[in-house]
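**Q**
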Amino acid sequence: VDDTGPGIPSEIVGKVFEPFFTTKSTGEGTGLGLSMSHDIVTKGHSGQLRIEDTRGGGATFVVRLPG
Numbered sequence: 298v299d300d301t302g303p304g305i306p307s308e309i310v311g312k313v314f315e316p317f318f319t320t321k322s323t324g325e326g327t328g329l330g331l332s333m334s335h336d337i338v339t340k341g342h343s344g345q346l347r348i349e350d351t352r353g354g355g356a357t358f359v360v361r362l363p364g
């Protein structure tokens with residue numbers, strides 16, 4: 298899944314799958330979406346969810362499930 302937004306700053310890439318991590322203002326989000334998605338993919342389905350480096354902006358999340 299990718300987009301053409303501003304991208305994810307390198308200093309927070311390692312935090313995006315942590316529970317309750319958010320870049321939104323207080324009350325704007327729970328910070329659980331990516332954490333829950335990561336747990337569902339990795340723990341529930343023995344897959345991978347990772348961020349790929351996207352040069353020039355945007356973000357790319359890759360989901361790999363065993364087949």
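Be aware that the sequence shown starts at 298, since it is given in the working numbering, and climbs by one per residue.
All C-beta atoms in this analysis are idealised placements derived from N, C-alpha and C, irrespective of residue type, glycine included.
In this text the structure is predicted, and so the values were computed from the model without any measurement.
Between D336 and T327, what straight-line distance do the alpha-carbon atoms span, to the nearest angstrom?
**A** The straight-line gap from Cα to Cα measures roughly 16 Å.
**Q** What would DSSP say about D350, mapped onto helix, strand or coil?
**A** Coil, per DSSP.
**Q** Are the C-beta of G302 and some C-beta of chain D separated by less than 7 Å?
**A** Among the chains of the structure shown, chain D does not appear; only one protein chain is present.
**Q** Residues in the same chain with beta-carbon distance under 6 Å from V313, minus the five sequence neighbours each way, listed in chain order, please.
**A** Cβ within range, chain order: L331.
**Q** Going by beta carbon distance, what residues of the same chain come within less than 7 Å of R361, once the five residues before and after it are set aside?
**A** Within the same chain, R361 has close Cβ partners G344 and Q345.
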